């Protein structure tokens, strides 16, 4: 026989101050956890959403990112013969020669300048990266001073609306007109500006390429293609796009460790607070519990009642913390990658996984905090407790 | 022993479990405060040192990744003969060890001016000589040296992340034991220039110049003067003082100083709520006692002090434990070699711990305030009636 939930509910209300303080503690811990994880989830989502398993990105051997890679046109030309490379309807290989440069653009939020990536591309880049789709304006014309901006960049930085003019180039003296906005499945490319490669190469005085992107016929062609690229006739460093962006996300692991450690400590502190509240609840209710035992409720029913009470409190607090953190869902942030030296604009994401982690944490805190008080409640000597008025 | 102290002691031990749990619920947040403050402290020590060094950083206006002609060094040196400066050109190499994914922060610096521009590295006479005579000399920050287990005299190979993209051999000549920067590696730029030339890359460009000024007024003069004199050149410059330059990276990468401060504040709030919860439970349990005290003649102040002293004592105990544990862990155990992003080695300074204990006392004061006030204002008659 178990005690009705109604009983738990009334007990929580009986000690309003203690209940609400404990509620606040758990809610705040969950809020912090969800918020910290939403940063990591946002960055990871932006990086993991980038790239396709059948796309390769080729850099100079030794270079860790496009920004530090220099390829000659001769080296890039050899990649056209990569086995398994897909062809467009006209029979041209889907090989996109790309040039990565940077420019400083102010943030909308606080006006500080951010190092934004500018990618010089040819028309074929839009076939090689099919996830890049125009959502406003029109495509840029080849060899023109026109630029497309990623959706994330447009939202995070100033002066990137369609029709605006921005200055690019080694001396910031070339005026480019923003003619369109593109999306790329929420990926890292959305933090970039795309402009015709020839004019970017001229504006920045760059005689070399940064990287080459290849689209293969299928993901199965990857091993043979990589063997060719790393082999003696090309000697470059090829990776699938997925792998490249996964590597860039490695830094977030440090943050996850730090977050786990700090929130873990906070959660243990919260469990102590819950334990304190429940011990007080048990002590204050000795006669009542003895009474319940006397009329036939088992020790297990009493223990369960206290566990449920604690769990109810913590879960309700957890939901409240999650709702509070959800207000930050979608907020735009950016972070400067140490590898690419360019900023990645991302959205905070409170994902179902984060909610699950939060609920698990709250349950753990609730159960850990209630276990010992519940055991004490179950051990109450019925006769003594009833006699002691 | 005064009676008040005996009473405080009895109060604390009346429900030892509750006291212990409360102290622990305060101790853990205080540990978080200590660790976060130590990280912030490390960053600000680093930045303060940069601020004191009277160094300017000159980069390409187009972006941090764009390079500057090495010839700018001579132009910078002769910009104003009345305000002499030392200029050290540096080229970023980054790099990794073969078969080790951990990134290194390697910079190739002008060999002749490096000691003059970076006197805070405090190279010893023997080390200075090795730096000047050995083409493959490498100065490694001691944090990085500890992390990789390197010592002076070791030979290491680094694969640079930028041209010349070939493995480079180095000899470690110093681990800069007294430098504030424990992270960066410095090698000689003439060695890199040779390797660049051998591999057919442009060798005449640098990533940034450090300009060491003699006085604060010179620093201000050059901060604006340099950019003016390179305006409309093929490569325009952007000059910032070193502290501003470094700080912009810190704020753009997760902004640890700001975010950890926010986290600390929230943690302190949690600890306060936990302590307040206990104090209010204690108050409820001892209502009759306080009423008795008041009815036998104890004044408002005495009752207030009784409650407040208990709250302070519990929080102080928690705070002391919470501060001592990380202090001991990061000073006397292997944890002090733990690698922390940005500051490399975590130093928990006693002043940080003292500050945290202060925070714990503030928590105690806050948590006890409401119950203490209620207890002081208690009307014995009402209280006894309520207990009936």
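Chains as they are written, first to last, in our numbering: chain A, 1 to 389; chain B, 1001 to 1388.
The beta carbon of each residue, even a glycine, is placed where N, CA and C say it ideally should be.
This structure is a prediction, so every number in the text was calculated from the model and none was measured.
On the premise that residue j lies in contact with residue i, defined as a C-beta separation below 8 Å, what is that separation, rounded to the nearest angstrom?
| i | j | result |
| --- | --- | --- |
| residue 108 of chain A | residue 114 of chain A | That pair is no contact at about 10 Å. |
| residue 224 of chain A | residue 83 of chain A | 5 Å |
| residue 269 of chain A | residue 1271 of chain B | 7 Å |
| residue 166 of chain A | residue 179 of chain A | No, residue 166 of chain A and residue 179 of chain A are not in contact; Cβ-Cβ is about 11 Å, not under 8 Å. |
| residue 1383 of chain B | residue 1288 of chain B | 7 Å |
| residue 162 of chain A | residue 145 of chain A | Wrong, their Cβ atoms sit about 15 Å apart, outside the cutoff. |
| residue 1139 of chain B | residue 1193 of chain B | Incorrect: roughly 18 Å between the Cβ atoms, too far for contact. |
| residue 42 of chain A | residue 349 of chain A | 5 Å |
Name the two residues that bound the continuous alpha helix (DSSP H) containing residue i.
| i | result |
| --- | --- |
| residue 1179 of chain B | Careful: residue 1179 of chain B lies outside any alpha helix (DSSP H) and carries neither H nor E. |
| residue 1041 of chain B | 1016–1052 |
| residue 1267 of chain B | 1256–1285 |
| residue 229 of chain A | 222–230 |
| residue 1389 of chain B | The question about residue 1389 of chain B has no answer, for chain B in this structure spans 1001 to 1388. |
| residue 345 of chain A | Per DSSP, residue 345 of chain A belongs to no alpha helix (DSSP H); it is in the beta strand (DSSP E), 343–347. |
| residue 85 of chain A | Residue 85 of chain A -> no alpha helix (DSSP H), and no H or E assigned at all. |
| residue 289 of chain A | 286–294 |
What would DSSP say about residue i, mapped onto helix, strand or coil?
| i | result |
| --- | --- |
| residue 1210 of chain B | strand |
| residue 1204 of chain B | coil |
| residue 1322 of chain B | helix |
| residue 139 of chain A | coil |
| residue 1106 of chain B | strand |
| residue 1092 of chain B | strand |
| residue 51 of chain A | coil |
| residue 57 of chain A | strand |
| residue 1187 of chain B | strand |
| residue 1137 of chain B | strand |
| residue 1150 of chain B | coil |
| residue 269 of chain A | helix |
| residue 104 of chain A | strand |
| residue 1074 of chain B | helix |
| residue 194 of chain A | strand |
| residue 1086 of chain B | strand |
| residue 95 of chain A | strand |
| residue 237 of chain A | strand |
| residue 1164 of chain B | coil |
| residue 39 of chain A | helix |
| residue 120 of chain A | strand |
| residue 1098 of chain B | coil |
| residue 1069 of chain B | strand |
| residue 110 of chain A | coil |
| residue 1346 of chain B | coil |
| residue 1390 of chain B | Absent from the model: residue 1390 of chain B. The displayed extent of chain B is 1001 to 1388, so no value can be given. |
| residue 150 of chain A | strand |
| residue 11 of chain A | helix |
| residue 1368 of chain B | helix |
| residue 244 of chain A | helix |
Tell me the residue span of the beta strand (DSSP E) that contains residue i.
| i | result |
| --- | --- |
| residue 186 of chain A | That residue, residue 186 of chain A, is in no beta strand (DSSP E); it is neither H nor E in DSSP. |
| residue 334 of chain A | 332–336 |
| residue 1156 of chain B | 1155–1158 |
| residue 1057 of chain B | 1055–1060 |
| residue 214 of chain A | 211–215 |
| residue 1246 of chain B | It is not in any beta strand (DSSP E) - residue 1246 of chain B instead sits in the alpha helix (DSSP H) that spans 1242–1252. |
| residue 66 of chain A | It is not in any beta strand (DSSP E) - residue 66 of chain A carries neither H nor E in the DSSP assignment. |
Are the C-beta atoms of residue i and some chain E residue less than 9 Å apart?
| i | result |
| --- | --- |
| residue 183 of chain A | In summary, chain E is missing from the structure at hand, where the protein chains are A and B. |
Short-range partners of chain B found in the segment 260–277 of chain A, where Cβ spacing is below 8 Å: Of all residues in the segment 260–277 of chain A, 262, 265, 266, 268, 269, 270, 272, 273, 275, 276 and 277 have a Cβ within less than 8 Å of some Cβ in chain B.
Given 8 Å, three or more beta-carbon pairs between the segment 1106–1123 of chain B and the segment 1215–1235 of chain B: Result no; under three Cβ-Cβ pairs closer than 8 Å.
Along the segment 1154–1174 of chain B, where does the CB come closer than 8 Å to a CB of chain A? Name the residues. Result list: 1159, 1160, 1161, 1162, 1163, 1165 and 1166.
The segment 1201–1221 of chain B contacting the segment 1141–1155 of chain B, beta-carbon criterion three pairs below 8 Å: Contact between the segment 1201–1221 of chain B and the segment 1141–1155 of chain B is absent, because fewer than three Cβ pairs lie under 8 Å.
The segment 101–123 of chain A: positions lying closer than 8 Å to chain B by Cβ: For the segment 101–123 of chain A, the residues whose beta carbon sits under 8 Å from a beta carbon of chain B are, in order, 101, 102, 103, 104, 112, 114 and 115.
Contact between the segment 93–105 of chain A and the segment 119–131 of chain A: three or more CB pairs below 8 Å? yes
For the segment 1314–1321 of chain B and the segment 1361–1369 of chain B, state whether three or more C-beta atom pairs, one from each stretch, are separated by less than 8 Å. Output reads yes: the segment 1361–1369 of chain B touches the segment 1314–1321 of chain B.
How do the segment 267–284 of chain A and the segment 295–313 of chain A stand: do at least 3 beta-carbon pairs fall below 8 Å, yes or no? yes
Is it a yes or a no for the segment 1233–1252 of chain B touching the segment 1086–1106 of chain B, going by three-plus beta-carbon pairs under 8 Å? no
So, do the segment 1024–1039 of chain B and the segment 1257–1270 of chain B have three or more beta carbon pairs nearer to each other than 8 Å? Contact holds: three or more Cβ-Cβ distances are below 8 Å.
Closer than 8 Å is the cut-off here; do at least three beta carbon pairs connect the segment 220–234 of chain A with the segment 73–92 of chain A? yes
Are at least three pairs of beta-carbons, each pair with one atom in the segment 327–346 of chain A and one in the segment 150–162 of chain A, less than 8 Å apart? yes
Of all the residues that make up the segment 9–28 of chain A, which are near chain B by a beta-carbon distance shorter than 7 Å? 17, 18, 21, 22, 24, 25 and 28
Count the C-beta pairs between the segment 287–299 of chain A and the segment 30–37 of chain A that are closer than 8 Å, then say yes if the count reaches three, no if not. no
Compile a chain-ordered list of the residues in the segment 321–336 of chain A whose CB is closer than 7 Å to at least one CB of chain B. Taking 7 Å as the upper bound on Cβ-Cβ separation, chain B lies near residues 335 and 336 of the segment 321–336 of chain A.
Using a Cβ cut-off of 8 Å, which residues of the segment 1235–1262 of chain B contact any Cβ in chain A, in chain order? 1235, 1236, 1248, 1249, 1251, 1252, 1253 and 1254
If contact is defined by three or more beta carbon pairs under 8 Å, each pair taking one atom from either stretch, is the segment 370–380 of chain A in contact with the segment 281–293 of chain A? yes
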